[in-house]
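Asker: Heads up: the sequence shown is residues 11 to 241, going by this note's numbering.
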Amino acid sequence: MKFVSDPSIAIKVNRMRRRVRWQHPEILKKGIDQTRLVLPDETRADAFSFMVIGDSGAGYHSGDNPQRRVAEWLMENSDGCEFVMHTGDLIYLVGSSEQYRENFIEPYREWIVGGESPAQIRYDQMRFKLPFLPTPGNHDYYDLPIVYGLLMQVFGPLLKLFRQFDLDVGRHGSYQGDAYARAFLDYLTEVNEADLAAHLDRYYTAQTHTGRALSYQPGQFTRLPNRYYRL
């Protein structure tokens, strides 16, 4: 039995499409391009700066926290930066919602609204002060077989006492990328059908040559339109 499982590409695509209500009639009616994201500063000069990171998903290791080290470097070099792009594998090992607080919210707390109290931030309600633009990696889709989840439920607390044996897994995996989607995407399946039109009119206000697009609002609404998107 494999320690982790990775869903097929077809499953990944279909699951993510459901979560964002891909090509829902109301979305088509309003002429919305679900692959576009518009940042707030449309007057930027031709030259601008941004930062790119990836594969940063680890938690504590041998008394240190690699994620925190990355976040500190970002803070030191963020002057004049317009956005941060993350190329995937945000949460090791299996993209579980259980690990977002320790492996993402606490390390990146200065970037998140309310980050002075990271324990109070739900992983599915994060808002970023500066545009933070991730795409999912394979680890963000991984799942944990039930038998290993049960073993971790029994022995996990003991392993936590010895940080050098922290396997970066908990009781379950990502549920085929669901944790990532709830953390970063505009999870439209959670919007009531009766409220969908109003939601789209409130947040998909940017006008582009391919149609209306989601307007990224730092500190207020920092969701992404899809797993992959363009600026």
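Ideal Cβ positions, reconstructed from N, Cα and C, are used throughout, including at glycine.
The model shown is predicted, which means the values in this text are computed figures rather than measured ones.
1. Roughly how many angstroms lie between the CA atoms of methionine 11 and tyrosine 185, to the nearest whole one?
2. I'd like the span of the beta strand (DSSP E) that includes phenylalanine 114, first residue to last.
3. Note down the Cα distance separating leucine 143 from aspartate 196, rounded to an integer number of angstroms.
4. How many angstroms separate the CA atom of proline 50 from the CA atom of serine 225?
5. Between leucine 206 and glutamate 36, is the Cβ-Cβ spacing less than 7 Å?
6. Does the region 80 to 100 touch the region 56 to 65, meaning 3 or more C-beta pairs lie closer than 8 Å?
7. Whole alpha helix (DSSP H) runs in the region 69 to 108 with 4 or more residues, listed along the chain?
8. Assuming the contact rule is C-beta atoms closer than 8 Å, serine 88 and alanine 189 should be a hit. Round their C-beta distance to whole Å, please.
9. Could you tell me whether the region 118 to 131 touches the region 71 to 86, where touching means 3 or more Cβ pairs closer than 8 Å?
10. Rounded to a whole number of angstroms, what is the C-alpha to C-alpha distance between arginine 181 and glycine 221?
Answerer: Let me lay it out:
1. Along the sequence shown, read from residue 1 onward, the residue named residue 11 stands at position 1. Along the sequence shown, read from residue 1 onward, the residue named residue 185 stands at position 175. Low confidence applies to methionine 11: its pLDDT is 49, below 50, so where it sits in the model is not reliable enough to give any reading.
2. Within the sequence shown, the letter at position 104 stands for residue 114. Unbroken run through phenylalanine 114: none, as it is neither H nor E.
3. Position 133 of the sequence shown, counting from 1, holds the residue named residue 143. Position 186 of the sequence shown, counting from 1, holds the residue named residue 196. Each residue's alpha carbon lies about 13 Å from the other.
4. For this step, residue 50 is matched to residue 40 along the sequence shown. For this step, residue 225 is matched to residue 215 along the sequence shown. Proline 50 and serine 225: Cα-Cα distance of roughly 7 Å.
5. Position 196 of the sequence shown, counted from the start, is the residue given in the question as residue 206. Position 26 of the sequence shown, counted from the start, is the residue given in the question as residue 36. Contact flag set, yes.
6. yes
7. 76 to 86
8. Residue 88 sits at position 78 when you count from the first residue of the sequence shown. Residue 189 sits at position 179 when you count from the first residue of the sequence shown. Serine 88 to alanine 189, Cβ: 26 Å. No contact.
9. yes
10. Mapped onto the sequence shown, residue 181 falls at position 171. Mapped onto the sequence shown, residue 221 falls at position 211. Those two C-alpha atoms are separated by around 42 Å.
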